[in-house]
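In the numbering used here, the protein residues as written are 68 to 374. Okay, so here's the structure we're looking at.
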Amino acid sequence: MKQTLVIGSTVADVILSVPRLPGTGEDINITAQTQRLGGCAFNVAGILKLAGIPHTLCSPVGSGLYGDFVAAELEKLGMPCFVRLPDTPNGCCYCLVENSGERTFLCKHGAEYLFSREWMQNADCGRADSAYICGLEIEEECGGEIIAFLQSRPEYTVYFAPGARFLHIPQDRVQAIFDMHPVLHLNETEALTFTAADGVPQAAEILAGKTGNAVIVTLGEKGAYCFSGGRGTLVGGYRTTVRDTIGAGDAHFGAVIAYLKRGLPLEQATDRANRIAAAVVSVTGAALPEHLFRETEKTFHRTEDVP
68 MKQTLVIGST
78 VADVILSVPR
88 LPGTGEDINI
98 TAQTQRLGGC
108 AFNVAGILKL
118 AGIPHTLCSP
128 VGSGLYGDFV
138 AAELEKLGMP
148 CFVRLPDTPN
158 GCCYCLVENS
168 GERTFLCKHG
178 AEYLFSREWM
188 QNADCGRADS
198 AYICGLEIEE
208 ECGGEIIAFL
218 QSRPEYTVYF
228 APGARFLHIP
238 QDRVQAIFDM
248 HPVLHLNETE
258 ALTFTAADGV
268 PQAAEILAGK
278 TGNAVIVTLG
288 EKGAYCFSGG
298 RGTLVGGYRT
308 TVRDTIGAGD
318 AHFGAVIAYL
328 KRGLPLEQAT
338 DRANRIAAAV
348 VSVTGAALPE
358 HLFRETEKTF
368 HRTEDVP
């Protein structure tokens with residue numbers, strides 16, 4: 068199996084538990100604070116690692132307090148820094164988690180969003196057949212560098228998660244990615260906002276018409292809607308106790324990629340991803356402990372025929 072290049076950010080997530088979001092001028096005490104690795108690309112790579120899928124995390128790491136933290140934590144995980152930018156501080160993401168489990172992000176971008184097609188060539192590109200990218204990096208000033216790199220590798224399957232700031236990405240860049248025929252992964256709000264469709268089935272069909280490839284729209288505990296080959300399917304979700312929703316979408320897409328690469332059809336890969344995402348929201352932070360991943364995998368074999 069060839070590698071997937073996971074192109075994007077790795078950041079320090081500073082997770083603040085709050086009873087609710089404060090209003091202007093209000094003073095609210097937090098109930099807990101933790102610091103963990105996060106970032107969309109890191110979260111996706113984490114699921115690929117657990118699933119045993121060959122990959123390279125193409126993520127720049129900067130300097131300063133957060134850069135040193137990211138570098139040290141990656142080393143502990145056996146995921147060495149792909150490139151270090153010692154003259155540029157790393158940013159961080161403040162994750163405000165309410166009692167409901169819903170999260171709100173306050174982000175300070177730094178070295179983790181600086182990309183160059185030259186250093187991306189340091190990856191063993193010939194051993195890869197696909198690449199994951201996220202809209203946050205494409206929106207940034209260096210987003211064109213990622214696009215140019217992928218345009219030089221037309222043989223790759225591109226997995227694209229446009230994210231909550233879909234409409235903020237310059238439209239010429241969105242079109243350039245759509246021209247690569249990516250597998251598209253987004254949530255219900257993102258799909259409806261971008262397409263102005265009347266519902267998810269119509270939005271997915273519109274997006275598939277633009278990309279010429281599969282579209283997966285996540286629906287929270289209701290599951291996900293898949294559209295491929297002119298046909299849409301609702302794949303049901305799984306109930307769980309929600310601790311927080313940080314990284315759930317990233318884990319879902321990472322799982323979709325992992326099981327597609329294992330040769331499963333889209334609906335079956337999405338069903339497995341629904342279960343993985345349900346496990347992720349049941350823990351604090353974006354990283355799923357290995358033992359919970361293994362426990363979740365066991366449920367696959369009890370309920371489906373595995374090729």
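Glycine included, every Cβ here is placed at the ideal spot set by N, Cα and C. The structure presented is a predicted model; accordingly, all values stated were derived computationally and were not measured.
*Looking only at its own chain, which residues have a Cβ that is under 6 Å from the Cβ of residue 315, when we skip the five neighbours before and after it?*
344, 347, 348
*Pair every Cβ in the region 210-218 with every Cβ in the region 146-158, then say whether three or more of these pairs are closer than 8 Å.*
no
*asked:* Taking the beta carbon of residue 95 as the centre, do at least 16 other beta carbons fall within 10 Å, making it buried, or is it exposed?
replied: exposed
*Between the C-alpha atoms of residue 175 and residue 364, what's the straight-line distance to the nearest angstrom?*
35 Å
*Should residue 106 be labelled buried (16 or more other beta-carbon atoms within 10 Å of its own) or exposed?*
buried
*In whole angstroms, what separates the C-alpha of residue 317 from that of residue 91?*
31 Å
*Which residue's Cα is closest to the Cα of residue 115: 134, 322, 229?*
322
_Residues bridged to residue 283 [DSSP beta-bridge criterion]_ = 252, 293
*Sort out for me which residues DSSP pairs residue 201 with in a bridge.*
228
*Shortest alpha-carbon distance to residue 130 belongs to which of 262, 304, 78, 284?*
78
*Which of helix, strand or coil does DSSP assign to residue 85?*
coil
*Is residue 268 helix, strand or coil by DSSP?*
helix
*Tell whether a beta-carbon distance below 8 Å holds between residue 281 and residue 302.*
no
*Count the other C-beta atoms from every protein chain shown that fall within 10 angstroms of the C-beta of residue 224, then say buried if there are 16 or more, exposed otherwise.*
buried
*Who are the near neighbours of residue 264 in its chain, counting only those whose CB is closer than 7 Å to its CB and skipping five residues on each side?*
270, 273
*Can you have a look at residue 341 and say buried or exposed, based on whether 16 or more other CB atoms are within 10 angstroms of its CB?*
buried
*asked:* Any contact between the region 163-173 and the region 288-307? By contact I mean 3 or more CB pairs, one from each, below 8 Å.
replied: no
*Using beta-carbon positions only, say whether residue 112 and residue 76 come within less than 8 Å of one another.*
no
*Name the residue from 190, 211, 82 whose alpha carbon lies nearest to the alpha carbon of residue 238.*
211
*C-beta contact flag for residue 73 and residue 180 at 8 Å*: no
*Tell whether a beta-carbon distance below 8 Å holds between residue 267 and residue 162.*
no
_Please report the distance separating the alpha-carbon of residue 222 from that of residue 193._
10 Å
*Completely contained beta strand (DSSP E) runs for the region 168-213, where each covers 3 or more residues*: 170-175, 195-201
*Might you give, ordered along the chain, the residues of its own chain that have their beta carbon closer than 6 Å to the beta carbon of residue 133, omitting 5 neighbours on each side?*
79, 157, 159
*Return the residue from the list 310, 154, 360 that minimises the CA-CA distance to residue 86.*
310
*Grouping DSSP H, G and I as helix and E and B as strand, with all else coil, what is residue 79?*
strand
*asked:* If you reduce the DSSP assignment to three classes, tell me which class residue 351 lands in.
replied: coil
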